Each structure stands twice: as C-alpha cells, then as structure tokens.
Amino acid sequence: MVPALVLLPLLLRIAAIHILLGVTVLTALPVLVLWYYYATHQKKRRTVFFLTLALYSLGYMYYLFITEILPRGDVNCTQLCAVTAGMILTILSLINTKRGPGYVTPDLFEIHKQENMAVNEDVKSQTTKTSIRTKWVRCAMCKIIRPPRAGHCRTCGACVQRLDHHCIWWVRGTYFIILFSEYSLSTEQVKTFITSLHEKYTALCFTCVWYSGIITAGLFYLMVVQILNISFNVTEREVQLALRTGTGQWRLCGLVLVTGEHSRGFIHNWLEFLTMTHASTSSKHPILV
C-alpha cells in the first residue's frame, strides 16, 4: 500500500508539468489503481485498500488546500473553518465506526430463539423451531449461527450484522457514510470555486482539482447506489445473492435490484436506517435481522 501512496503525489506533480501529461496521467490513474489492487490486494483476506486510498487522497487534497491555496489570501475564515471542520468531523466519524461494526455474538441466536418462543408460547408446535433454523445459518468461517442478513467480513475477520461490501460498517457507519459523502462533494466544490478565483493558479492545483473530480465522481456513484439501497432496504450482499439465484427485479434503469424481502416502504426504510445502532438486533428491533 505504501508504494501507491508515494506514487500518488508524484503522478499528480508529473501531470502538472504539461497538459498532455495531465490528460495521460489522469486517464491512466484509475486503471493503474485497479491494476495495483488486483495485483497485490485481491487475494488478501483482509484489506482496506480503497478506504485507505480515499482517506489519503482526502488528506492530501486538504494539505494542498492549506499550502497552495490558503497562502494566496483569497480564502476567508468561514471557508477555512468549513473545510477544516468537515475534515475533522470525517475523521471523528470514522473513529466512531471503528468502535464496533455490530459483530454477531455466539449468544445472539439463543436470545433470538427465546424471544420467538416467548412470542409464540401459545403455539406448542415444532414450526417455530424449524423456521428459526431455516432463517439462521451457521457461518463456515466463524462457526457461529448468524442472522439471515449478516455476513462474514474479510476485513474484520468476523460476521457482521447487515453486511454491505462498500460501506465501512453498515450498522455503526450510518453517519460516516453521510458525512464522508457530503464532505467529499462540498470540499470539491469549495476548492474548484476558490481555484477559479485566481488568474494565475498553479498547474498542480488545477491537476488536483481534476483528480478530486474523478474521486468525487466515484464517491457520488457509490452514494447514489447506497441511497437507492437504503430506500429499498437492500444491501449489496443481498443484491449479489439475488443475482446468483435469479430473484429480484431491476428498478430505475438498472441502478438498483429490488428483492422486496425486507422493504417496508420508503419512509420506514429511511427511519430504520437513521435509527440503527450497534444494538440493532436486540429485542426492541427484531425486524432488523
């Protein structure tokens, strides 16, 4: 991962030498990133390659904002505070998500089984037990029984509730997803606006603005997909499973695959997302699993 982080500033400075070099580097950069990932990280069980690259890019853009744009004197205190506060809040939100992604504990199945038996205590049959066992499956890696919407995270090395492949963590990462996307977009807009104010802005800043635009476009696509998934109460893991089994329906010109299994309507889906906590599988919220 270190060579990629070292090459990023170098490539951006090479791109700033000439417009042809800039077009070549910025066009080849996404291809080089994907090639580096598949060559070095694809077979690893635990990797945070894209998360590290995104955070490093964000930090490097902020560094250039402080060292290249701020000294010119056209940045007021409000703009500086807005960008700095966004950077700090993004880091704090990431730290908060790393406290725990909502791991599936071994006793979670027993708690769920007791709750179902208490609800169906009047029905003395084997149907309830059979239903529980068919919905909850044993993880081949963790050897624990997990909820139907949980999945094994290779990065965490454990089963995580409501697993989603491109989120940091689905349960604890609610505000980080929103804040990171919002700050990435707002930072790009602020830097583009401020840079355009200068008659003689540096080529490096110009190149980095275009690089930020590429990163922002990728994050914006992920944000749109995530918003659609939240609206239909589906995760990317469930989308992949639906593609394998041939279930679900494509909506909105193929942007989202709707399974309809967990959706309770647009408003309720968003309320569920915004109120999710690390204890989302407790007895107070049995619908979340």
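Per UniProt numbering, the sequence shown starts with residue 1, numbered consecutively. Where a beta carbon is used, it is the ideal one built from N, C-alpha and C, also for glycine. On a predicted model such as this, the values are computed, not experimentally measured, just so you know.
Check                                                                                                          : Outcome
Range of the contiguous alpha helix (DSSP H) that encloses Gln240                                              : 236-245
Range of the contiguous beta strand (DSSP E) that encloses Trp250                                              : 249-251
Thr128 in three-state terms, based on DSSP                                                                     : Interpretation of Thr128 is limited by its pLDDT of 46, a score under 50 that renders its predicted location unreliable; no figure is taken from the coordinates.
C-beta atoms of residue 338 and Leu12 nearer than 9 Å                                                          : The question about residue 338 has no answer, for the chain in this structure spans 1 to 289.
For His268, the three-state DSSP class (helix, strand or coil)                                                 : helix
DSSP bridge partner residues for residue 293 (one or two, in chain order)                                      : Residue 293 lies beyond the stretch modelled for the chain, which goes from 1 to 289, so this question has no answer here.
Contact between the stretch 228-241 and the stretch 51-59 (3+ Cβ pairs under 8 Å)                              : no
Alpha-carbon spacing of His262 relative to Trp136, whole angstroms                                             : 15 Å
Rounded C-alpha distance that separates Ser93 from Cys81                                                       : 18 Å
Length of the line joining the Cα atoms of Phe206 and Pro9                                                     : 14 Å
Cβ-Cβ distance between Cys208 and Leu64 below 9 Å                                                              : yes
Alpha helix (DSSP H) segment containing Leu21, residue limits                                                  : 19-40
Sequence-distant residues of the same chain with beta carbon closer than 7 Å to Thr259, five excluded per side : Val234, Glu238, Ala242, Thr247, Gly248
Cα-Cα separation between Glu68 and Asn76, rounded to whole angstroms                                           : 15 Å
Cys156 - containing alpha helix (DSSP H), residue span                                                         : Cys156 -> no alpha helix (DSSP H), and no H or E assigned at all.
Local conformation of Leu89 per DSSP, three classes                                                            : helix
Other residues of its chain near Trp35: CB distance less than 7 Å, five sequence neighbours each side excluded : none
Alpha carbon of Thr275 to alpha carbon of Gly265, nearest angstrom                                             : 15 Å
Assigned secondary structure, Phe193 (DSSP; H/G/I helix, E/B strand, else coil)                                : Per-residue confidence for Phe193 stands at a pLDDT of 46, beneath the threshold of 50, marking its modelled position as unreliable; the derived number appears in the next sentence. Helix.
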